[in-house]
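Just below is one structure, and these are the notes that go with it.
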Amino acid sequence: MLNPKVELKQSVIQGMGIFAKEFIKEGEIVWWETPEEQAKRFIVTREVVASWPEELQRKFLNYAYQISEGIYYGPENGVSNDPADSTNHSCDPNTWFVDDNAMSARRDIMPGEEITYDYAMSEIEEDFILVCGCGAANCRGIIRGSDHLLPEVQEAYGNHMMQHT
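Sequence positions in the sequence shown follow this note's numbering and run 1223 to 1387.
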């Protein structure tokens, strides 16, 4: 569930994104997942995803995120009705994980600012590679599944990453 202070809009980073409509204070919860929302999601192994047709793999992985080693959580059939699935990556994100089912503002977020998180907070697969378009001063250029191991990433986020990282 998204904070009512955010909305879905076109992103300069990639595709659609989530943007602040109003000021969001540091520490304020931006996204959380209710048990009802969890029931609408699909938990699947990397091996099962690999057995699907390529187009379905692409759709599912575009909206899914990793919840443990080799396990993904995403919309069944690769079709998302959850605007939170459009949260884009940034190497200097404005949100981070409070726990595996909630994210808060890492700093104050101004109206019109895109809501982002660093995919290193959730993705650990060796073959995860993303060309980054965030434009942050500290942009890593290429985002890899091993980025959660980088000392600068661990120092920046501490215990604000998903438990499996």
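Virtual Cβ for every residue (Gly too), placed ideally from N, Cα, C. Note that the coordinates shown come from a computational prediction; the quantities given were computed from them, not determined experimentally.
| Asked | Found |
| --- | --- |
| DSSP beta-bridge partners for Met1238? | Gln1232 |
| Using the Cβ count rule (16 or more neighbours within 10 Å means buried), how would you classify Asn1360? | exposed |
| For Arg1280, name the three-state secondary structure that DSSP assigns. | helix |
| Could you give the DSSP three-state label for Val1266: helix, strand or coil? | strand |
| Go ahead and label Val1252 buried or exposed: buried means 16 or more other beta carbons lie within 10 angstroms of its beta carbon, across all protein chains shown. | buried |
| Distance check for Arg1362 and Cys1313, CA to CA, integer angstroms please. | 7 Å |
| Is there contact between the segment 1323-1340 and the segment 1288-1298, where contact requires at least three CB pairs shorter than 8 Å? | no |
| Rounded to a whole number of angstroms, what is the C-alpha to C-alpha distance between Glu1248 and Arg1268? | 35 Å |
| Looking only at its own chain, which residues have a Cβ that is under 6 Å from the Cβ of Lys1231, when we skip the five neighbours before and after it? | Phe1241 |
| To the nearest angstrom, report how far apart Leu1371 and Asp1304 are at their CA atoms. | 29 Å |
| If we count the other Cβ atoms within 10 Å of its Cβ and call it buried at 16 or more, is Ile1265 buried or exposed? | exposed |
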